[in-house]
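There are 2 protein chains.
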Amino acid sequence: MTNTEGADSKAKLEEFASDIVSDISAGKNPKFTATARTRSNITYDAKKGYLSLGNAKEERSFLNVAQSKRFMQTIAIAAKCHKFVEENLHTTIRGLYYQLKYSLGEDVDENIFNEQAESNPLIEDLEVSLNMRREDLNLNANRKGVLSGNVKIIDTFGNEKLEIDASKMGRSGWAIPSDVDNDIKFVDVKAKYVLVVEKDALWQRLNEDGFWRKENIILISPQGQAARGTRRLIRKLADMGLPVYVFNDGDAWGWYIYWTIKTGSMNLAYIGSDIATPEAKFIGVTMSDIEHYDFLKNMTMKASEVDLKRAQEMLAYPWINRHKEWVEELKKVLVTKKKLEQDTLQGPRLTFVDDYIRDKIKRGEFLP
Amino acid sequence: MTNTEGADSKAKLEEFASDIVSDISAGKNPKFTATARTRSNITYDAKKGYLSLGNAKEERSFLNVAQSKRFMQTIAIAAKCHKFVEENLHTTIRGLYYQLKYSLGEDVDENIFNEQAESNPLIEDLEVSLNMRREDLNLNANRKGVLSGNVKIIDTFGNEKLEIDASKMGRSGWAIPSDVDNDIKFVDVKAKYVLVVEKDALWQRLNEDGFWRKENIILISPQGQAARGTRRLIRKLADMGLPVYVFNDGDAWGWYIYWTIKTGSMNLAYIGSDIATPEAKFIGVTMSDIEHYDFLKNMTMKASEVDLKRAQEMLAYPWINRHKEWVEELKKVLVTKKKLEQDTLQGPRLTFVDDYIRDKIKRGEFLP
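These protein sequence lines map, in sequence, to chains X and B. Going by the working numbering, 274 is the number at position 274 of the first sequence; the sequence numbering is gapless. For the working numbering, add 368 to where a residue sits in the second sequence, where the first one is 1.
Next up, the structure:
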């Protein structure tokens, strides 16, 4: 998929509609196709390094009793998105749902949709079939994540072009939006690498130390699991040639966040190439860190049942067990039944975390 | 409590320590007192309009078998905070916990703390007994929330004074930090009022419309339940004379978020005066909105068990049932078993939400 702006979105939606109109005019059964998002069509390709969809297609046609309603619903969604793009206004899939609910008015007994769970998969149908992301259709997803460092953001706000300097955002950082493609640019990227820090607390620690300035890097926190916008931004920064290092807790949740950034996820396999960053490396914390930093011995926590179960599961994933370093790390957790949090690195002194990152990058000691 | 800067924090911590040293030198049992944070000492004062602590005090002394360990732990926490303030570095209560864990080193079998649940209440002890907030002790709390509008933020970052213009933050807004008091100022506040919007999605909608510019307001989203920093900032803006309107879902969660902003919460009653904004008004959405906006009739959702239970509970709170408007609203929910989301206001068209806010403010139609 490519970076599309409003004009492209409008054209693509109109092409989608005109194909259907042509079918109808020609007396044919109107239909469209979408790549299947079924589990069986999700593949991990070692060469690509991320989860994506295979070649299986699904057809949605109007003259099919099982599909007729869904077909009509998808057309209604496309029409709404076309309007949003024309108006140059954004909403969410929930806002879209209420517009559809409103459309038929109070006198019609049948709603287009009775609940949002019905409309969500159809939006994905549309994304896949148009080869666009919902952000390109003016639908914002949940946003989360923050950034500071040597990069400027050129954001378009109404008729204004704003220049936001991510090195001048102080304690707050720049809040990463849902859409980092349309009407927004990242310029003057002078950084050496991107450091992604799971916890906002650790991001704040490194930010306060001016770590991004001293090391000339871009410092990102997804603030937990990475939202679509943050994943997409990490991918874009990698496309600019920046190495990506991820610094997380050494536990089930930290590993999961890392692998989601690196290989994408089942749910979003349909936009895998846009949001996965297979080049990413795991900087820590790891159980092996104890060998270099003696004090960590005293800082471990008991691994929870969830951590152990997750470690076991991860050993079965082909995209993980192909890396012997990960197999070793996970086995260490399973044998010792211990884990480490990234916060432990504040133990000796608050700025120790800075040294740890520098040190590991210098030694080139990452998990793949 | 007053806005304290680093120098004050240091002085207060040193006074706290020197009192204890004096006790010891004089051969007395070292002790300090803290206002009791027990449920029975939490009061709602209708004149103040928020939850705060009563006059009951608790003494913590060293020569008391039940208190000796906690006393020692609190002193250790105070010493660490003193160091953080001196270094001019911040961490979280989790970072503090790991510093305490580290302190005794690997050769001592006994940790100062075995888990963080032990240290958290002692930090509150210290806040109460010093009459300071943890943010003044260089301990950051979780942050969440975003702001745009006609206000400038003067943030101190290392040796730099940064001026961040909240009217130039584009689609992202300015991320509200944990500490909005120390080394940070809010200047050029030219706004007419503050609008607090529960859901980030609706904040983004209004932000995109330039609603804050057109109406000359400050637009805040707590992004769900308001964090300490966001509550404190709302209080500070009210102190500058700005009216505060809250725009939430008309359900259990939306009501809870409103009342937490307005009257504070049980957990944070010890800093009630710093974070509660009794002047706040509830702009909507309400079940009464259906009378003015006919289309909303078709937009209601079934109230969940949680919503109904919460409505019932709220009717028993003296700070709620003193307002007949709230009693009426809650009874409407209980009778109809329906509720409304703020997203519904995007039904007729995306910008309808702007008109709704203007309209309700013009009519002065709020719940107290």
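For each residue, glycine too, the CB sits at the ideal point set by N, CA and C.
- The residue from B:433, B:631 and B:527 with its alpha-carbon nearest to that of residue 413 of chain B is B:631.
- Within the region 271–328 of chain X, the runs of alpha helix (DSSP H) that reach at least 4 residues and sit entirely inside it are, in chain order, 272–275, 289–292, 305–314 and 318–321.
- Neighbours of residue 532 of chain B in chain X, taken as residues whose beta carbon is under 9 angstroms from its own, are 168, 169, 170 and 172 in chain order.
- Listed along chain B are 543, each with a C-beta nearer than 9 angstroms to that of residue 146 of chain X.
- The C-beta of residue 179 of chain X has 16 or more other C-beta atoms within 10 Å across all chains shown, which makes the residue buried.
- Residues of the region 287–302 of chain X with a Cβ closer than 7 angstroms to any Cβ of chain B, in chain order: 295, 297, 298 and 299.
- For residue 15 of chain X, the secondary structure class from DSSP, reduced to helix, strand or coil, is helix.
- Contact annotation: in the region 478–505 of chain B, no residue has its CB less than 7 angstroms from a CB in chain X.
- Counting the other Cβ atoms within 10 Å of the Cβ of residue 685 of chain B gives fewer than 16, which makes it exposed.
- Beta-carbon to beta-carbon, residue 13 of chain X and residue 128 of chain X are separated by about 14 angstroms, too far to satisfy the 8 angstroms threshold.
- Membership of residue 517 of chain B in any alpha helix (DSSP H) is not indicated; the residue belongs instead to the beta strand (DSSP E) covering 514–517.
- Residue 562 of chain B and residue 614 of chain B have their C-alpha atoms roughly 8 angstroms apart.
- One finds nothing in chain X with a Cβ atom closer than 7 angstroms to the Cβ of residue 704 of chain B; even the nearest lies about 16 angstroms away.
- Neighbours of residue 525 of chain B across chain X, judged by C-beta separation under 9 angstroms: 168, 169, 170, 171, 207, 208 and 210.
- For residue 160 of chain X, the number of other beta carbons within 10 angstroms of its own is below 16, and it is reported as exposed.
- Ranking X:270, X:349, X:254 and X:278 by CA distance to the CA of residue 311 of chain X puts X:254 first.
- Taking residue 665 of chain B as the centre and dropping the five residues before and after it, the same chain places the C-beta of 658 closer than 6 angstroms to its C-beta, in chain order.
- For residue 496 of chain B, the enclosing alpha helix (DSSP H) begins and ends at 484–498.
- Contact annotation: residue 75 of chain X and residue 149 of chain X have beta-carbon atoms that are not nearer than 7 angstroms.
- The DSSP-derived three-state label of residue 618 of chain B is strand.
- Of all C-beta pairs linking the region 572–582 of chain B to the region 709–725 of chain B, three or more are shorter than 8 angstroms, placing the two stretches in contact.
- Note that the region 48–64 of chain X touches the region 26–39 of chain X; at least 3 beta-carbon pairs, one per stretch, sit closer than 8 angstroms.
- Burial state of residue 172 of chain X is buried, judged by a 10 Å Cβ sphere holding 16 or more other Cβ atoms.
- Between residue 544 of chain B and residue 259 of chain X, the alpha-carbon positions lie close to 29 angstroms from each other.
- If you check each beta-carbon in the region 66–95 of chain X against every beta-carbon of chain B, the ones closer than 8 angstroms belong to 84, 87, 89, 90, 91, 92, 94 and 95.
- As a beta-bridge residue in DSSP terms, residue 428 of chain B pairs with B:400.
- The three-state secondary structure of residue 720 of chain B, taken from DSSP, is helix.
- Spatial neighbours of residue 577 of chain B in its own chain (CB-CB distance under 7 angstroms, excluding positions within 5 residues in sequence) are listed in chain order as 719 and 722.
- Secondary structure note for residue 239 of chain X: its alpha helix (DSSP H) is the uninterrupted segment 228–239.
- For residue 448 of chain B, the enclosing alpha helix (DSSP H) has its first and last residue at 436–455.
- DSSP places residue 579 of chain B inside the alpha helix (DSSP H), whose first and last residues are 579–583.
- In its chain, beyond the 5 residues on either side, 42, 51, 52 and 53 have a beta carbon closer than 7 angstroms to the beta carbon of residue 269 of chain X.
- Taking CB atoms only, residue 230 of chain X has no neighbour in chain B less than 7 angstroms away.
- In this structure, residue 229 of chain X and residue 363 of chain X do not form a Cβ contact; the two beta carbons are roughly 32 angstroms apart against a cut-off of 8 angstroms.
- Three or more Cβ pairs drawn from the region 502–510 of chain B and the region 455–464 of chain B lie within less than 8 angstroms of each other, which places the two stretches in contact.
- According to DSSP, residue 140 of chain X shares a beta bridge with X:92.
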